[in-house]
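There are 2 protein chains.
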Amino acid sequence: MSATRPASSCAPRLVALCGGVGGAKLALGLERAYGGAVSVVVNTGDDFEHLGLHVSPDIDTVLYTLGGRSDLERGWGRAGDTWQFMKALHELGGETWFQLGDRDLAMHVERTRQLRAGISLTEFTRNVAERFGIAATILPMSDERVETTVITPAGALSFQRYFVEKQCIPVVRRLEFRGAERARMSDAVAAALRNPGLDAIIVCPSNPYLSIDPILAVPGMRAALKAAEVPVIVVSPLIGGQAVKGPTAKIMAELGVPADSRALAAHYAGLIDGMVIDESDRADAAALDIPVCVAPTLMRTLEDRVRLARTCADFAMQLRDQSARAEGAGR
Amino acid sequence: MSATRPASSCAPRLVALCGGVGGAKLALGLERAYGGAVSVVVNTGDDFEHLGLHVSPDIDTVLYTLGGRSDLERGWGRAGDTWQFMKALHELGGETWFQLGDRDLAMHVERTRQLRAGISLTEFTRNVAERFGIAATILPMSDERVETTVITPAGALSFQRYFVEKQCIPVVRRLEFRGAERARMSDAVAAALRNPGLDAIIVCPSNPYLSIDPILAVPGMRAALKAAEVPVIVVSPLIGGQAVKGPTAKIMAELGVPADSRALAAHYAGLIDGMVIDESDRADAAALDIPVCVAPTLMRTLEDRVRLARTCADFAMQLRDQSARAEGAGR
């Protein structure tokens, strides 16, 4: 942490690490609270080629959510989307296990076309974010392919096969982030983390195994987070030992880890400086050896999202100030 | 023509050469009249890659028309199609000059995927025709790419740029069928033309320059039509010196050719044994040195299509029988 820079009076500069739906809720809160001061580094380990199209589920969830175009009821895809393409594809005998709405499809077709034309995923994402009027910067963790692969007793499953087709039913033995060793952190992500004005890094309440670990698997990412010398805080995706949505608790159980704040802190050990946990997990606080902020973390409304975003930023700023005082006292 | 085979009592075996909308109307009539005895060889010179997808406009028009899925009012695309994809694509800044309906898109995505997987256009088309319950065999003229290119005073235009984007406004100086010299007639087309049971070949009332000439440009096609030794008849796309739809008459004028039956017969000279012309062009008959059948060729209803199909087949059978008698008399 930087002990010398005075607290800024303007919006704190934040980098958020984020997966899909759950993480995007907090990313939206951060964007509404702090606008262009926010960069969201998004998991692309779920990306896959489907029907010959490059699909980036988490990027799209963040784009649709921050762009005011997400389907809030369904929890994925575009608001008000229609399904004529899927019906016609079914009629042609095509693969229909992964649903692509008619509007959503434009994103995949146009992204695929631009990627083939040599435009990077980072650049394509920036252009779409601009068109959607998003103030925050949305950054794929890498422009190279990383494939989150779920190792089950019956063998390896690509992420979407596990998550969508098999509905997270197979037992998770291990996760592999194939290609990660060859992936390069994008220049834009590196720049966001090296920004001397950066105030904090917030790990959104995304699935640590499926959504955050792929980001951390990009070579240099962990080192860059540490080198940033700002507080790194994680928002627990657990509420009362359960995930709000998705298989976090189930996977923790399958990996032999208790689904609680301590296990989560251990998972992120050496990387995080503080944790935000839900009020229902208040009892976990005593068992944690890092600073904890207890707050309502369930985000039902936009106000909930913005409130939690402010709580996270305030908590991180406190940690920074404490650290500055401690370093000052040590002189 | 085969003089020895007796006239069959079952449905005549027919091969039709066909472009898009106008030709597909007669192809539908032929299919309703003679079912599985009909093979339709379809122009693929209009095929192009758009948004990274392989689009085959004439193949699709024939599939949708014979499969009962064509939009009869609009004249192209799928019945009842919707435009959410196009709206979303516009929002992303994508190319929107070529309209792709949400249902129609499934065809292009699935075809592109299958072609990349090594499945031929012929095989893909056969599978779709089967799924659409089409009795006739629909055959792309070739599995290799032929690109109809319109040479205008301002330079070369790919077919769809000329036809859709420029709405056929540029003056046509010349047409090129790029890649034709390297294209191979598909085995299925060759087999249909070599079928010893074949009774006649019917050139549908498609644009001779834009839709039929690309088929004839495939190496070996003209020779195969002649080698079939059955009557080849062409249905004039002109009615009273005008095309029902499309730029046939305009192109003929630009190429310095009068838009009449004689010019059309001259265009197909050496290839055709007879011509079906509309009642409104009855006066042209005297100027033609090949057998002529005068009939109402405007196809408004399904009954019109079936009636014209029967007229064509009957005319071709007459020519065959006359030829047989002539050969018999010459012995």
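Line order of the protein sequences matches chains A and B. In this note's numbering, each number is its position in the first sequence, counted from 1, plus 2. In this note's numbering, each number is its position in the second sequence, counted from 1, plus 2. Glycine included, each C-beta is placed from N, C-alpha and C at the ideal position.
At 9 Å on the CB atoms, spell out the chain A contacts of residue i, in chain order.
i: B:Phe161; result: None at all; the shortest Cβ gap to chain A is about 20 Å.
Who are the neighbours of residue i on chain B, taking C-beta pairs under 8 Å?
i: A:Ala339; result: With chain A covering only 3 through 333, there is no way to say anything about residue 339 of chain A.
i: A:Glu322; result: In the sequence under discussion, the amino acid at residue 322 of chain A is Arg, which differs from the Glu named in the question. Neighbours of A:Arg322 on chain B: none; closest Cβ ~39 Å, over 8 Å.
Taking Cβ positions, are residue i and residue j nearer each other than 8 Å?
i: A:Gly31; j: A:Ser208; result: no
i: A:Ala192; j: A:Ala230; result: no
i: B:His56; j: B:Asp48; result: no
i: B:Asp201; j: B:Pro14; result: yes
i: B:Ile241; j: B:Asp286; result: no
i: B:Val308; j: B:Ala138; result: no
i: A:Ala131; j: A:Ala182; result: no
i: A:Ala194; j: A:Ser325; result: no
i: A:Ile153; j: A:Glu178; result: yes
i: B:Glu149; j: A:Gly96; result: no
i: B:Met109; j: A:Leu94; result: yes
i: A:Arg115; j: B:Leu53; result: yes
i: B:Val44; j: B:Ile140; result: yes
Please list, in chain order, the chain B residues whose beta carbon lies closer than 7 Å to that of residue i.
i: A:Leu94; result: Ala108, Met109, Glu112, Val130, Arg133
i: A:Thr124; result: Chain B residues near A:Thr124: none, gap ~16 Å exceeds 7 Å.
What in chain B is Cβ-close to residue i, meaning under 9 Å?
i: A:Leu74; result: Near A:Leu74 there are no residues of chain B at all, since even the closest Cβ is about 18 Å away, more than 9 Å.
i: A:Leu50; result: It is Phe, not Leu, that sits at residue 50 of chain A in the sequence shown. Ordered by position in chain B, no residue passes the 9 Å Cβ test against A:Phe50, which lies about 14 Å from the chain.
Which residue or residues does DSSP assign as beta-bridge partners of residue i?
i: B:Val44; result: B:Cys20, B:Pro142
i: A:Glu305; result: Bridge partners of A:Glu305: none, in fact.
i: A:Asp280; result: A:Ala297
i: B:Gly52; result: Reading off the sequence shown, one finds His at residue 52 of chain B, where the question assumed Gly. Per DSSP, B:Leu55.
i: A:Val205; result: A:Leu19, A:Val236
i: A:Ser158; result: Residue identity check: residue 158 of chain A is Ala in the sequence provided, not Ser. A:Ala158 pairs with A:Ile153.
i: B:Ser213; result: Per DSSP, none; premise fails for B:Ser213.
i: B:Gln244; result: B:Ile241
i: B:Glu93; result: Answer is none; B:Glu93 lacks a bridge partner.
i: A:Ala80; result: At residue 80 of chain A the sequence reads Arg, which differs from the Ala that was named. DSSP output for A:Arg80 lists A:Ser72 as bridge partner(s).
Could you give the distance in angstroms between the alpha-carbon of residue i and the alpha-carbon of residue j?
i: A:Thr6; j: A:Gln86; result: Note that A:Thr6 scores a pLDDT of 44, beneath 50, so its modelled location is shaky; the value from the coordinates is reported in the next line. Those two C-alpha atoms are separated by around 58 Å.
i: A:Thr299; j: A:Asp262; result: 15 Å
i: A:Leu123; j: A:Asp145; result: 6 Å
i: A:Glu167; j: B:Ala297; result: 57 Å
i: A:Val17; j: A:Ala158; result: 32 Å
i: B:Leu407; j: B:Leu212; result: Residue 407 of chain B lies beyond the stretch modelled for chain B, which goes from 3 to 333, so this question has no answer here.
i: B:Ile121; j: B:Lys27; result: 28 Å
i: A:Ile184; j: A:Asp215; result: In the sequence as displayed, the identity of residue 184 of chain A is Arg instead of Ile. In a straight line, the C-alpha of A:Arg184 is about 16 Å away from that of A:Asp215.
i: A:Arg334; j: A:Ile203; result: Outside the modelled stretch of chain A, which goes from 3 to 333, sits residue 334 of chain A, for which no answer is possible.
i: A:Ile171; j: A:Thr151; result: 15 Å
i: A:Gly199; j: A:Ser58; result: 30 Å
i: A:Pro221; j: A:Asn197; result: 19 Å
i: A:Asp189; j: B:Leu107; result: 35 Å
i: B:Val173; j: B:Gly25; result: 23 Å
i: A:Leu91; j: B:Gly69; result: 15 Å
i: A:Ala251; j: A:Tyr66; result: 26 Å
i: B:Pro8; j: B:Phe317; result: Its pLDDT being 45, under 50, B:Pro8 is placed unreliably by the model, and the measurement read from it follows with that caveat. Going from the Cα of B:Pro8 to the Cα of B:Phe317 covers about 17 Å.
i: A:Leu290; j: A:Ser238; result: 13 Å
i: A:Phe126; j: A:Arg163; result: 26 Å
i: A:Arg186; j: B:Glu51; result: 32 Å
i: B:Thr84; j: B:Arg105; result: 7 Å
i: A:Ala156; j: A:Met88; result: 29 Å
i: B:Leu117; j: A:Gly77; result: 34 Å
i: B:Val294; j: B:Met319; result: 13 Å
i: A:Ile292; j: A:Val259; result: 19 Å
i: A:Pro210; j: B:Asn129; result: 44 Å
i: A:Gly38; j: B:Val246; result: 58 Å
Note down, in chain order, every chain A residue with its Cβ under 8 Å from the Cβ of residue i.
i: B:Leu53; result: Val111, Glu112, Arg115
i: B:Phe87; result: Phe87, Asp104, Arg105, Leu107, Ala108, Val111
Anything in chain A within Cβ reach of residue i, meaning under 7 Å, just list it in chain order.
i: B:Arg118; result: Gly54
i: B:Thr84; result: Thr84, Gln86, Asp104
Decide if the region 268-286 of chain A is in contact with the region 227-238 of chain A; the criterion is three or more beta carbon pairs, one per stretch, under 8 Å apart. yes
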